[in-house]
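Asks: Note that this note's numbering numbers the sequence shown so that position 37 is 68, with each residue one more than the last.
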Amino acid sequence: MAIMISTTFLLALLNDMFFAMIPAVGFALVFNVPPKALKYCAIGGALGHGCRFALMHGGLPIEWATLCAATLVGVIGVHWSHRFLAHPKVFTVAAMIPMVPGVFAFKAMIALVEINHRGFTPELWGLLVENMLKAVFIVASLAIGLAMPGLLFYRRRPVV
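1) Taking a contact to mean a Cβ-Cβ separation below 7 Å, would you say A55 touches A73 in this structure?
2) Tell me which residues share the same chain as L91 and place their Cβ nearer than 8 Å to its Cβ, disregarding the 5 neighbours each side in the sequence.
3) Determine the closest residue to F49 out of R149, F40, H80 and F58, with distance taken between C-alpha atoms.
4) Look at the alpha carbon of K67 and the alpha carbon of F135, and state the distance between them as a whole number of angstroms.
5) I want to know whether the stretch 171–189 touches the stretch 102–109 - three or more CB-CB distances under 8 Å.
6) Looking at the secondary structure, which residues open and close the alpha helix (DSSP H) in which G133 lies?
7) Can you name, in chain order, every residue of its own chain whose Cβ lies under 7 Å from the Cβ of L78, other than the five neighbours on each side?
8) Relative to the C-alpha of V170, which candidate in V124, E154 and R149 has its C-alpha closest?
9) Please give me, in chain order, every unbroken run of the alpha helix (DSSP H) with length at least 4 that falls completely inside the stretch 95–130.
10) Nearest by alpha-carbon distance to A85: which of N162, A117 and A96 is it?
11) Can you tell me which of the three DSSP states Y71 falls into?
12) Please tell me whether A178 and M163 are closer than 7 Å, where the distance is taken between their beta carbons.
13) Give me the Cα-Cα distance between S37 and A51, rounded to the nearest whole angstrom.
14) Considering only C-alpha positions, which residue in the set W156, A174, A142 and T152 is nearest to I128?
15) Starting from the Cα of P65, find the closest Cα among C82, P153, L116 and L42 and give me that residue.
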């Protein structure tokens with residue numbers, strides 16, 4: 032039974048990583064990333080989304096899993112920037128796009144429209160606040176995770 036669960040998890044993880052590559056490459060094209068860097072944007076998007084998927088599967092909340100995944104993508108982007116002599120944002124920004132919380136923001140806006148249309152109910156208000164806070168914290172996790180490697184690697188003074 033454990034082998035079936037791990038095989039199912041592995042297939043789900045590969046599926047998640049494959050479909051995270053598509054928007055990463057799409058937004059890399061929109062941001063005019065050099066063609067040689069497109070495969071690294073795809074790999075970064077797949078690794079970041081796959082890391083978040085695995086951490087969430089392990090029981091971590093989506094906000095913390097996103098912070099860890101964004102930090103991983105940032106560290107990998109800094110490594111690639113040193114290796115290929117490019118700015119880290121070339122590799123990292125497009126790779127972060129698949130982790131943007133569109134579903135939570137959409138649900139929050141739908142709850143807001145329904146409150147405006149039907150009137151206030153505690154259930155709709157709770158739905159609005161819950162989804163809005165999740166979206167805000169996920170976006171903050173992406174921003175902090177993206178900035179973390181720069182704060183650690185490009186310091187002029189030692190951390191301690």
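Quick reminder that beta carbons are idealized off the backbone N, C-alpha and C, glycines included.
Everything numeric in this text was worked out from a predicted model, so none of it was measured.
Replies: Taking the definition as stated:
1) A55 places its beta carbon less than 7 Å from that of A73.
2) C99
3) Ranking the options by Cα distance to F49, first place goes to H80.
4) If I take the Cα positions, the gap works out to 34 Å.
5) In this structure the stretch 171–189 touches the stretch 102–109; the number of beta carbon pairs closer than 8 Å is three or more.
6) First-last of the alpha helix (DSSP H) with G133: G133 to R149.
7) L103, V104 and I107
8) V124
9) 119–127
10) Among N162, A117 and A96, the Cα nearest to that of A85 belongs to A96.
11) helix
12) no
13) 21 Å
14) The residue with the shortest Cα to Cα distance from I128 is A174.
15) Residue nearest to P65 within the set C82, P153, L116 and L42 is L116 (criterion: CA-CA distance).
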